[in-house]
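Trainee: To start, I am sharing the structure in question, which I have written as structure tokens.
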Amino acid sequence: DGYSAEVLFNQGFCYTYDDVIFHPGFIDFAADQVDLSTRVSRNITIRTPLVSSPMDTVTESEMAVAMAEVGGMGFLHYNMTMESQVEHVKRVKSHNPGYVANPAIMGPSATLSELDKLLTARGFTSVCVTEDGASEGTLLGLVTTRDIEFVRDRTTALSEVMTTVGKLVLGSTDMTLQENETTLLECKRGKLPIVNRHGCLTGLLTRANVKARLNRPAAGAPALDNHGKLLCGAAIGTRDTDRVRAQQLFGAGVNAIILDSSQGDSVYQLEMIKFLKNELPQLDVIAGNVVTQQQARRLLEAGADGLRVGMGSGSICTTQEVCAVGRGQATAVYKVGQVAREFDVPIIADGGIQNSGHIVKALALGANVAMCGSVFSGSTEAPGQYFYQDGARVKKYRGMGSLDAMKKGSDSRYLSESGHLKIAQGVSGTVRDKGSIKSTIPYLIHGAKQGFQDLGADSLEKVHQMLANGLMTMEVRTNAAQKEGGIHDMHSYTKVPW
Ligand code: XMP
């Protein structure tokens, strides 16, 4: 009983993830045995099928580092100068997996009130004190929230409250990650500053780093390139200046480029793909966004190494309302996936992911990877500072087509400038603090693995075979069925934020 995708998605309706529900299959393996390893683009393989969106409130180097560390991949946004974007790629490429990506550092004369601001803004609980606050300066001491919580005078200098370097247990650049982890665990402290032979700070290791490594999704080892560096992607536009940008990003070691547009079926993308495939053949080029088979076919025939699928399904998108174009995301993923498989090119389901069930649906309907903005926004690794709004700790999250983001220059994604009038295709707002993605991702991935187990598929390849052979059956949920499938009839309850 039930219907194949082929039948369900050819009836003149478009559906989104919540509209459809899969029927369970036969289980003969444990959820931990599910293998979600996949390709992001023609030549890039990752073990965790999640990538972070190139949005200026989602992915800069800190997010890209964290994504690659848990086995996924981050795509740097390009609402910044070429030089800054290149700098972010370099930061990802020079990061040592397993350590804090960008530790907080201050000088000894900074005050506690300055420290309070920094810790609140970045969601950290400690700061390394170096000479003059230089990023790789001589280490002088460490201040954690425990050192300062009962100090009333917030004009006190850090030099007066810090644990001085002589009393700290230190890690060393000459030690392996495992050796530094052992030092940290044996000394029973919370943080281990890492120094080189000259006593200069080179990094920081925390218990949270160790926990994150141990809690990584099974087989979710860091995603590394051929040189053993963390994988990193970046978005660009299709203007002439973006050709130079692509060359510079490639020079800094970027592994894949996304051509960032809400409607990718354009002569601009076709020309850009041809240019990049000629000039930088080692670089994978992901084109899009697309939602139909015709759009997909044109970009694939031009040589795209991957496609990004979705139009108007993002949590901050207003494209469907403003421009009247787009498609329900479940239908878009299924339809584009069919064509992409003919070309043996992977697709990224972009937008509309709110929980692990949506990840299962995206992958089972033909996607190779899910791209998230909202789910990763508000996390410690997302750009921007935390602040309080109506009693909640929040960070900003905004659409790249929002007026707010376009003020900074992101309008090329939406081809939105007509004279001086900018038309918004997204909104700007706030989202709650969701903690580190190093906790979110293992949770989502394990949820997704349980979904695969329920479907009776122990890998992405298997689920795609079932899809193609009509062996995965499904139905559309009525409004009442969707209501029943959600939480109901509770007086109160607690829910994880994703
Ligand atoms: P989620 O649902 O994960 O979606 O928050 C993120 C995706 O949304 C797209 N995006 C936009 N779409 N107007 C739009 O119509 C916008 O301003 C906008 N900003 C981002 C983008 O594909 C992203 O990955």
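Residue numbering for the sequence shown follows UniProt numbering, beginning at 5 and increasing consecutively.
Where a beta carbon is used, it is the ideal one built from N, C-alpha and C, also for glycine.
So residue 23 and residue 364 are in contact, right, with Cβ under 8 Å, and what is the actual spacing, rounded?
Mentor: Residue 23 to residue 364, Cβ: 15 Å. No contact.
Trainee: Pairs of beta-carbons, one from the segment 132–149 and one from the segment 93–105, closer than 8 Å: are there three or more?
Mentor: The segment 132–149 vs the segment 93–105: no contact.
Trainee: For a minimum of 4 consecutive residues, which ranges assigned as the alpha helix (DSSP H) are wholly contained in the UniProt domain "CBS" (99–162)?
Mentor: Entirely contained in the UniProt domain "CBS" (99–162), the alpha helix (DSSP H) runs reaching 4 residues are, in chain order, 116–126 and 149–152.
Trainee: Between the C-alpha atoms of residue 306 and residue 389, what's the straight-line distance to the nearest angstrom?
Mentor: 41 Å
Trainee: With a cut-off of 8 Å on the beta carbons, I'd call residue 357 and residue 327 a contact; round off their distance for me.
Mentor: Wrong, their Cβ atoms sit about 22 Å apart, outside the cutoff.
Trainee: Let's test the definition: count the other Cβ atoms within 10 Å of the Cβ of residue 491 and tell me whether it reaches 16, buried, or not, exposed.
Mentor: Answer is exposed; the Cβ neighbour count stays below 16.
Trainee: Please work out which residues of its chain come closer than 6 Å, Cβ to Cβ, to residue 458, disregarding the five sequence neighbours upstream and downstream, and give them in chain order.
Mentor: 28
Trainee: Between 50, 198 and 185, which lies nearest to residue 234 when the distance is taken from Cα to Cα?
Mentor: Minimum Cα distance to residue 234 is reached at 50.
Trainee: By alpha-carbon positions, which one of 412, 214, 13 and 353 ends up nearest to residue 426?
Mentor: 412
Trainee: Does the Cβ of residue 271 lie closer than 7 Å to at least one heavy atom of the ligand XMP?
Mentor: No, the ligand XMP has no heavy atom inside 7 Å of this Cβ.
Trainee: CB of residue 379 to nearest heavy atom of the ligand XMP: below 7 Å?
Mentor: yes
Trainee: Touching or not, the segment 195–208 and the segment 58–66, by the rule of three or more beta carbon pairs under 8 Å?
Mentor: no
Trainee: Are the segment 380–395 and the segment 343–356 in contact at 8 Å, needing three or more beta carbon pairs?
Mentor: no
Trainee: Determine the DSSP secondary structure at residue 95, reduced to helix, strand or coil.
Mentor: helix
Trainee: Which one of 345, 396, 288 and 405 has the shortest CA to CA distance from residue 469?
Mentor: 345
Trainee: Indicate, with yes or no, if the ligand XMP has a heavy atom lying under 7 Å from the CB of residue 293.
Mentor: yes
Trainee: Would you report the Cα separation of residue 331 and residue 276, rounded to the nearest angstrom?
Mentor: 25 Å
Trainee: What distance in whole Å lies between the Cβ atoms of residue 82 and residue 264, which are believed to be in contact at a cut-off of 8 Å?
Mentor: 7 Å
Trainee: Classify residue 92 as buried or exposed, calling it buried when 16 or more other Cβ atoms lie within 10 Å of its own Cβ.
Mentor: By the C-beta density criterion, residue 92 is buried, having at least 16 other C-beta atoms within 10 angstroms.
Trainee: Expressed to the nearest angstrom, what Euclidean distance is found between the alpha-carbon atoms of residue 217 and residue 102?
Mentor: 7 Å
Trainee: Return the residue from the list 466, 487, 437 and 474 that minimises the CA-CA distance to residue 125.
Mentor: 437
Trainee: From the DSSP output, in three-state form, read off residue 249 for me.
Mentor: helix
Trainee: Using the C-alpha atoms, what's the distance from residue 314 back to residue 333?
Mentor: Rounded to the nearest whole angstrom, the CA to CA distance from residue 333 to residue 314 is 6 Å.
Trainee: Can you grab the Cα-Cα spacing for the pair residue 6 / residue 473, in whole Å?
Mentor: 14 Å
Trainee: Can the beta-carbon of residue 452 be found closer than 8 Å to that of residue 40?
Mentor: A contact, by the Cβ cut-off of 8 Å.
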